Amino acid sequence: MKISLFSNIVNVSRAFLKKSIHTTTIEMSKPKLIVFDLDMTMWPFHVDCMVDPPFRKNRDGKIYDNYNKHIKPFPDVPNILEQLHSEGYKLGAASRTTCTDEAKQLVKLLDWEKYFHYKEIYPGCKVAHFKRFHEDSGIAYRDMLFFDDEYRNIADISKLGVTCIYTENGMSFPELTNGFKQFNDNQTKQSSTKRS
Ligand SMILES: [Mg+2]
Numbered sequence: 021m022k023i024s025l026f027s028n029i030v031n032v033s034r035a036f037l038k039k040s041i042h043t044t045t046i047e048m049s050k051p052k053l054i055v056f057d058l059d060m061t062m063w064p065f066h067v068d069c070m071v072d073p074p075f076r077k078n079r080d081g082k083i084y085d086n087y088n089k090h091i092k093p094f095p096d097v098p099n100i101l102e103q104l105h106s107e108g109y110k111l112g113a114a115s116r117t118t119c120t121d122e123a124k125q126l127v128k129l130l131d132w133e134k135y136f137h138y139k140e141i142y143p144g145c146k147v148a149h150f151k152r153f154h155e156d157s158g159i160a161y162r163d164m165l166f167f168d169d170e171y172r173n174i175a176d177i178s179k180l181g182v183t184c185i186y187t188e189n190g191m192s193f194p195e196l197t198n199g200f201k202q203f204n205d206n207q208t209k210q211s212s213t214k215r216s
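Quick note: the sequence shown uses the working numbering, first residue 21, plus one each step.
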């Protein structure tokens with residue numbers, strides 16, 4: 021008796037799991053704008069103090085700073101940008117660096133301008149950056165997904181209703197997957213709140 025009861029529970033669980041995976045695949049909500057911080061999120065340094073601009077690109081395509089330090093983004097970042105761009109996502113960059121021109125130069129040398137529909141790069145609270153994203157794109161905050169390595173930015177932007185992911189160790193594919201999951205969970209919560 022005990023065995024068959026256990027067996028029924030297992031079967032029900034399997035059926036539920038199968039259904040929930042199926043549902044997730046079919047109905048996953050997707051962000052309309054994905055925004056990335058730059059320093060310590062897309063590349064492993066702060067432009068204003070850990071490298072020495074101006075940057076240059078050599079004939080071999082590699083980027084160096086003024087002291088010949090090889091400048092590279094976090095390993096997954098080029099493929100993340102390429103994949104999201106090829107899937108049609110709108111992307112943005114939000115940085116509060118004081119080295120505005122230098123950060124923009126690096127974005128250009130990395131050949132990322134083709135990925136970013138929106139760029140807000142200047143010092144100050146990132147709420148100002150996101151207000152511009154909203155005004156320029158017409159996209160609601162709840163339809164945005166944001167990655168940043170600084171908790172103060174996560175705290176500020178979460179209050180707007182944006183899904184925010186704290187990327188303590190920089191951007192990577194696992195962080196991206198986590199972001200999409202959190203975004204979907206938030207959308208599901210919002211729609212169930214509306215229904216109740
Ligand atoms: Mg940062």
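Backbone N, C-alpha and C fix where the C-beta goes; we use that ideal spot for every residue, glycine too. From a predicted model like this one, the values you see are computed outputs, not experimental measurements.
Less than 8 Å separating the beta-carbons of residue i and residue j?
i: F153; j: I177; result: no
i: F94; j: D85; result: no
i: Y161; j: L130; result: no
i: F167; j: I185; result: yes
i: K132; j: L104; result: The question names Lys, but residue 132 is Trp in the sequence shown. It is not a contact, given that the beta carbons lie outside the stated cut-off.
i: D72; j: H66; result: no
i: T187; j: D169; result: yes
i: K110; j: L165; result: no
i: G108; j: H137; result: no
Let's see if you can read the secondary structure: which residues bound the alpha helix (DSSP H) around residue i?
i: H137; result: Counting along the chain, H137 falls outside any alpha helix (DSSP H), though it belongs to the beta strand (DSSP E) covering F136 to I141.
i: D156; result: K146 to S157
i: D168; result: Premise fails: D168 lies in the beta strand (DSSP E), M164 to D168, not in any alpha helix (DSSP H).
i: T120; result: T120 to L129
i: R79; result: Careful: R79 lies outside any alpha helix (DSSP H) and carries neither H nor E.
i: E102; result: V97 to S106
i: D176; result: Y171 to S178
Is it the case that the CB of residue i approaches a heavy atom of ligand 1 more closely than 7 Å?
i: E170; result: yes
i: T61; result: yes
i: D176; result: no
i: D68; result: no
i: D85; result: no
i: D57; result: yes
Residue i lies in the beta strand (DSSP E); which residues open and close that run?
i: K110; result: K110 to S115
i: T183; result: T183 to Y186
i: L53; result: L53 to F56
On the CB-based measure, 16 or more other CB atoms within 10 Å of its CB, does residue i come out buried or exposed?
i: T118; result: exposed
i: N173; result: buried
i: P51; result: buried
i: S115; result: buried
i: F193; result: exposed
i: E47; result: exposed
i: R34; result: Because R34 carries a pLDDT of 45, less than 50, the predicted location of this residue cannot be relied on, and the following value inherits that uncertainty. Looking at its Cβ environment, which holds fewer than 16 other Cβ atoms inside 10 Å, R34 is exposed.
i: I91; result: buried
i: Y171; result: exposed
i: K128; result: exposed
i: A123; result: buried
i: K134; result: exposed
i: V147; result: exposed
i: D205; result: exposed
i: E195; result: buried
Closest Cβ-Cβ distance between residue i and chain B: below 8 Å?
i: M164; result: Protein chain content of the structure displayed is limited to a single chain, and chain B is not contained in it.
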